[in-house]
Structures are given as structure tokens and as C-alpha cells.
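This report concerns only the one structure given below.
Protein chains in written order, with the numbering used here: chain A, 10 to 250; chain B, 809 to 1280.
Have a look at this one:
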């Protein structure tokens, strides 16, 4: 687990970067067993076509560039691509959008991803407190986090009981528990993710500064969850004398 | 075996002899007030140690021999209280080290809080302390107050600031001004404080050390903290997890967000504030967070009386002699996350059989305005025996005409003693009520001036009991 994640981290640091692109962040998450979609990084259009075939249409394209971390601002996420013809056209479009947003953007590739069934959106994050060290955050996504700031924190590492309490103590909990006749969400899957993130950060606390898993789609009870987008910011490596 | 921390901190609370460095005969000066405090407590027979004023320019203060230097001090000196100007402190520390004194309270301000020069002096002092195994409280603090041993370094004179009686509550405050105001207030409210420590810049002795110490302090059964900031977060959490398993810790945290100015690059970073982080720390370590000053002492009072008699669950029974107060208490039960107990059939029958027809058996049970103390006894007896009730809030409006004040006090004290269910009382009213409330508290029943505050204090007991059963 740790070795795999470290390989990704060291590769990013060796390129002189501290901000991981989505693809790299998800590889780190995957190393710790967090649920990420079956996505592949295509460097060429041919690769993209091949991956899309393997994944099955419709697919999404996300352009990976260290200079473009707010992908939606740059319009480098294109969704619901239904055929190889459309993919060829969108391949051009996504590169053009990237160039327009940041002409100097270095492009690592384009992530070919399956279209995900929407679920209830949550956010899991990590930040580092100067006194207490890394803290994990949990909340509902969208307006719940943006406007209402309905989130809760714990210091890492957390226990399963901490994780369960976090889920229950946000104001929006009834949305997960199943409000207005909705099926309850897969709370065990959320708890398991919180514990895995805690373990990951506890192992890699010397490297990780901040982290956002935003959004995560949570499905109905027993059906799991998936990390839709993720960011990891690494600490500046200590200068060796 | 005595724990290391207990051995190290004992001289602060019960020294064989204290040296007051900077003692003077000039009334109102810090060095004079502290000397006077010890001297007065010695005359009262509370402080049993020797008092050694130190001042190079004096030979005698109020009949006490003055030592001209630390070097001259007798060998039984265990505690040095320093109130000389900051620039002289490092040298004095060196002399203290040479003399072999292991506990020092530095009252003097003008160190780290004033910039680089002061920070340099602090580092120097800390280095001397570490090298010589000296523990330091302060600088920039009011130090220690222990009513049982007569240690009192609070430099606010008794004629301006009352001192509280002794009790099972420890109070720790970073701020000296807050500590002093609090002691004065506690004295007025009749709240007993066993030990007060104000550590100011906490150069050495900090919250974590004090938590470790209080684990072993048998006279203390609840620890209250006024915290502005924690230096070593991990050490704080370790110590907190340890002590909360043995005795309750209540914290009041203030201070602006340290994150305000910092631009966070992640979403999570922008949502984290110092306050949310402290919230997390308190939850994970079982520390009970007080909303404000009032809440802190409402809780402390409840724990001081009921720490060994915590509720077994969250089902609250309410007894009142006024309908409105009963409703307010029921609302508070919901608001503070507790449940109204469902009285058993048997209890309801018992109450109905023994009540006049116009009294209301139920939860709340309303003994109504023509009640006497005996009717309260019936209600309390019923609630105490009901397996569906975990804790009882008794509202007593002492103003009703037929209620025998002394008898109801007797009854409440009796049940507090013989039943295993905690009872808190609510008494709303003016001076007369306050007098009865004080009598009740002296008999082990904590009393609150409103139903909300009574229920909120009970909620603290319920939460802590749950923490002890299930963990954080």
C-alpha cells in the first residue's frame, strides 16, 4: 500500500511539483483501497479510442495538466461522449480549451473515464493543523459544504467509532439516512472510506499537506461509493544540504 | 511509587518553604502582595511552611528576616516565586539552579509576549530549567492558589479580590486576569476551588503536565481549563485521553482563528478553523467543551457533587411545583439531546394514589402551587424507584406558601445521598431563594437558577457517563 503510493508521490516530487493531478491523486487513493472508477490515462487519440472501447461508451474525458487544477473553469472535462466519432471531435476540443486557458500548460494526458451513475454527494478532506497535525473532514457535497459549511473534523488517526459519529453529527445526516422515503445511503462505505483516508494520511503524514475527495458519489445501502474527483497537495520536500 | 509528575509539581502546591524573590514592604507592589498572602495564611495557620523574602536592599519586612540573595536562602526552600523585572530573571534562575530549588513561579511579565528580546530570555530560562531539572510556571502569570495549603501567589490583594473556599474543582487558566476574576466570582458564588493554576506564557509547565498531575490528585474530581492555545497538540491529546478516563475535564476555548489570514489551497483547508479543530480534539479526547464561562462552572458544580454518581442513561425525570418551569425544562431536555423518561405504570399509580386529585402525575410531574415538602417526597420516591428514570431534575419554586423550606432541602439531600440516581435542583428567584440554594448545595445538591441551565448541566453528566461507558 504505502510503497505503491510512495512511488506516485516521489514521481510527482521529482518533477518539481507538489500539486498532484487527479489521475495521480486517485492512484494514491487506490493504493489504499479507496474506490476509484476504472479510468485510464491516454497520451494519444488512438489510446483514448482503445480505452473508451474497453470501458464502454458513454465516457468522459478529463485533461490532466499540472497547470490546470480547476478543470471546470478551463472546460477540460467533457462528459457523456457516446461514440468514437464524437470522441475524436472532443479530443480536439479538450486540447483547444486547455491551450486557450493556459497556452503554456503541460499536458500529461487525457483521462478516459466511465460515466458514473449519480449518487448522493459527499466530500472527504484532509488539512494539516499547526498544533494538532492532520485532520480529516467529512460533509455533504454541493451547497451543503459551499454555503452551509455543514462539515465535521477529527484529528488523524481516527477510530471506527469516530468515523460513525462524524457521519451522524452533520446536520445533513437525514439526507444520508434516507429522508422523504429515499433509500438510506451506504453509510458503511462512507465509514470505510474515512478510515482508509485516515490510514493513508497517518502512513504518509510526512508527505501529504492537504487533500480533497470532492465529490464522492455514495449509492444506496450495500452499493458502495466512488471517488469522482480528487486532489492531493504534497508538502514541499525538505531541502537536503 | 510516586509518579514523577506528582513529585515534580508537589512543591508548587505544598512547599516546605517558599522564597519570595522581589518581596518588598511597599504596599500594593506585586512582591508585597504575594508576601502578605503567605504571611496572612501563615498567621491563620493554613500555610505551614517557612517564608523567606529575598531583596538585596532590605533586612526585614514585617518582622521577617530578608535574605539578600538566593545563595543565602536556607536549604529547605522548595519553591521560588519571582516578581523582579524580566532582565534580572535569567541570572536569578542560575542562582536558583545552583541552590538546588526545583520549582519556580515567574510572575513577571515582559517576555515572549513582547517580542524577540523577551523570547531570547525565555529560551535562556528554559535551558537552565531543563539542564537542572527545574519546573517553571509562567512567566507572565498569577501563578498558584491552593486554599488547603495556603499557597497564594495571586498578586491581587484580598481586600480587592475574594478567595474561594476549598473544593474538588481544579481551575487552570492561561490568562491571569481571567483567573483572578474567576476566583473572585467563585468565592461569591460559593463554589469551592481546590487548586488554581494560571500559567501565562507556559514556558514549561503546560496543560498536559497539569492533566497528568491531576489524575493523581485525590482532592480534585473535576478539572476546568480556560485555554487560549495549545503548543504541543499531540502531548495535549495524549494527556487528555488519559485523564478523562478517570475524571471529567471541562474546557472553555477562546481565541480567534489562526487560519483567518492563511490562504488554503484546498477546499478542506479553507473550511478548517482553529475552532473546528479544537472541537474535534475535544470530542476525540472526551473533554467536555463549555459554551461560555457560565456553562463551565455549571458543569463543574454538577461534577463536583455528582462525579461518582453519574446517570446510567439519558432518560430524565422532571418534578416541578410550577407548570411553566416544567415546560421549559422539558424543552431543554430535547434541546440538549436528552430524553424525557416514560414513567412506568407502577410509578404513575403510586403517584396518583398518594397525590391530591389536582396534582399532575406524569413527566413532568407537577406537584402544583399548594404543595408541601411531603408531596415532593412522594414524587421523588416514585421517580427514584422507577427503572425508566436515569436522572432527576427537581424544580423548587421556594416562593409557594405551604412549602417548608428546610424540610424540602432535607428531603432533596436525603435522596441525593441514598439513591443512586443523580438529582439536580432548579430554584428560580431572588435573594431568599439564593440563600436556600446555597444551603442545598452545601448538602450535595447542585442548584441552577433556570431550568435550561439545570438540564444543560445534567446533559454534561449524561454525556460524560456515556463517554466512560463507550469511549470517545
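From the three backbone atoms N, C-alpha and C, an ideal C-beta is built for every residue, glycine too.
Own chain partners of residue i with C-beta closer than 6 Å, once the 5 adjacent residues on each side are dropped
i, result
"residue 909 of chain B", "885 and 888"
"residue 1069 of chain B", "Only weak support is given to the placement of residue 1069 of chain B: the predicted model assigns it a pLDDT of 38, under 50, and the value that follows is read from those uncertain coordinates. For residue 1069 of chain B, where only same-chain residues beyond five positions count, there are no Cβ hits under 6 Å."
"residue 994 of chain B", "972 and 1001"
"residue 979 of chain B", "1001, 1004 and 1032"
"residue 13 of chain A", "40"
"residue 1061 of chain B", "1035 and 1086"
"residue 1156 of chain B", "1169"
"residue 1186 of chain B", "1162"
"residue 1275 of chain B", "1094"
"residue 10 of chain A", "40 and 41"
"residue 22 of chain A", "246"
"residue 18 of chain A", "216"
Within chain B, the residues that residue i reaches when beta carbons sit closer than 8 Å
i, result
"residue 146 of chain A", "1076, 1079 and 1080"
"residue 150 of chain A", "The contacting residues do not exist; residue 150 of chain A stays about 10 Å from chain B at best."
Assigned secondary structure, residue i (DSSP; H/G/I helix, E/B strand, else coil)
i, result
"residue 146 of chain A", "strand"
"residue 1014 of chain B", "coil"
"residue 134 of chain A", "strand"
"residue 178 of chain A", "helix"
"residue 123 of chain A", "strand"
"residue 861 of chain B", "strand"
"residue 1123 of chain B", "strand"
"residue 1078 of chain B", "helix"
"residue 66 of chain A", "coil"
"residue 74 of chain A", "strand"
"residue 1111 of chain B", "helix"
"residue 1071 of chain B", "Because residue 1071 of chain B carries a pLDDT of 49, less than 50, the predicted location of this residue cannot be relied on, and no value is offered for it."
"residue 984 of chain B", "helix"
"residue 81 of chain A", "coil"
"residue 827 of chain B", "strand"
"residue 1184 of chain B", "helix"
"residue 189 of chain A", "coil"
"residue 1236 of chain B", "coil"
Cross-chain neighbours of residue i in chain A, by beta carbon under 7 Å
i, result
"residue 1092 of chain B", "163, 164 and 171"
"residue 1085 of chain B", "138, 141, 144 and 162"
Test item: CB-CB of residue i and residue j under 7 Å
i, j, result
"residue 176 of chain A", "residue 199 of chain A", "yes"
"residue 981 of chain B", "residue 1034 of chain B", "yes"
"residue 842 of chain B", "residue 961 of chain B", "yes"
"residue 205 of chain A", "residue 42 of chain A", "yes"
"residue 62 of chain A", "residue 239 of chain A", "no"
"residue 1109 of chain B", "residue 947 of chain B", "no"
"residue 1104 of chain B", "residue 1058 of chain B", "yes"
"residue 241 of chain A", "residue 29 of chain A", "yes"
"residue 913 of chain B", "residue 951 of chain B", "yes"
"residue 927 of chain B", "residue 920 of chain B", "yes"
"residue 882 of chain B", "residue 869 of chain B", "no"
"residue 857 of chain B", "residue 826 of chain B", "yes"
"residue 839 of chain B", "residue 830 of chain B", "yes"
"residue 1111 of chain B", "residue 1030 of chain B", "yes"
Sequence-distant residues of its chain with Cβ nearer than 7 Å to residue i (five each side left out)
i, result
"residue 173 of chain A", "200"
"residue 192 of chain A", "229 and 230"
"residue 122 of chain A", "46, 48, 68, 69 and 71"
"residue 1148 of chain B", "1124, 1138, 1141 and 1171"
Cutoff 8 Å; reference residue i; Cβ partners in own chain excluding five residues on either side
i, result
"residue 107 of chain A", "72, 74, 77, 83, 85, 114 and 116"
"residue 939 of chain B", "905"
"residue 1258 of chain B", "1136, 1234 and 1236"
Under 7 Å by beta carbon: chain B residues contacting residue i
i, result
"residue 135 of chain A", "1076"
"residue 223 of chain A", "1075"
"residue 158 of chain A", "1079"
Contact list for residue i against chain A, beta-carbon separation under 8 Å
i, result
"residue 1042 of chain B", "141 and 142"
"residue 1045 of chain B", "141 and 164"
Chain-ordered chain A contacts of residue i [CB-CB under 9 Å]
i, result
"residue 1279 of chain B", "168 and 170"
"residue 1148 of chain B", "By Cβ distance, chain A contributes nothing, its closest Cβ being about 21 Å from residue 1148 of chain B, past 9 Å."
"residue 1038 of chain B", "140 and 141"
Distance cut-off 6 Å: residue i Cβ against heavy atoms of the ligand MN
i, result
"residue 94 of chain A", "Among the ligands in the structure shown, none appear at all, so the ligand MN cannot be discussed."
Would you check if there are 3 or more beta carbon pairs closer than 8 Å linking the region 148 to 165 of chain A to the region 208 to 228 of chain A?
Between the region 148 to 165 of chain A and the region 208 to 228 of chain A, the count of Cβ pairs shorter than 8 Å is three or higher; the stretches touch.
I want to know whether the region 1193 to 1210 of chain B touches the region 1119 to 1131 of chain B - three or more CB-CB distances under 8 Å.
Flag = yes, the region 1193 to 1210 of chain B and the region 1119 to 1131 of chain B touch.
Please determine if the region 922 to 936 of chain B and the region 809 to 823 of chain B are in contact, where contact requires at least 3 C-beta pairs separated by less than 8 Å.
By the criterion of at least three beta-carbon pairs nearer than 8 Å, the region 922 to 936 of chain B is not in contact with the region 809 to 823 of chain B.
Please determine if the region 818 to 835 of chain B and the region 951 to 970 of chain B are in contact, where contact requires at least 3 C-beta pairs separated by less than 8 Å.
Counting Cβ pairs under 8 Å, three or more are found: they touch.
Counting pairs of Cβ atoms below 8 Å between the region 88 to 96 of chain A and the region 130 to 140 of chain A, do you hit three or more?
They do not touch, by the three-pair rule.
Counting beta carbon pairs with one atom in the region 160 to 172 of chain A and one in the region 204 to 218 of chain A, are three or more of them shorter than 8 Å?
Contact between the region 204 to 218 of chain A and the region 160 to 172 of chain A is present: 3 or more CB-CB pairs across the two stretches fall below 8 Å.
Validate contact between the region 1117 to 1125 of chain B and the region 1186 to 1201 of chain B using beta carbons, cut 8 Å, 3 pairs
When Cβ pairs closer than 8 Å are counted between the two stretches, the region 1117 to 1125 of chain B is seen to touch the region 1186 to 1201 of chain B, the count reaching three or more.
Validate contact between the region 1188 to 1195 of chain B and the region 1213 to 1223 of chain B using beta carbons, cut 8 Å, 3 pairs
A contact exists between the region 1188 to 1195 of chain B and the region 1213 to 1223 of chain B.
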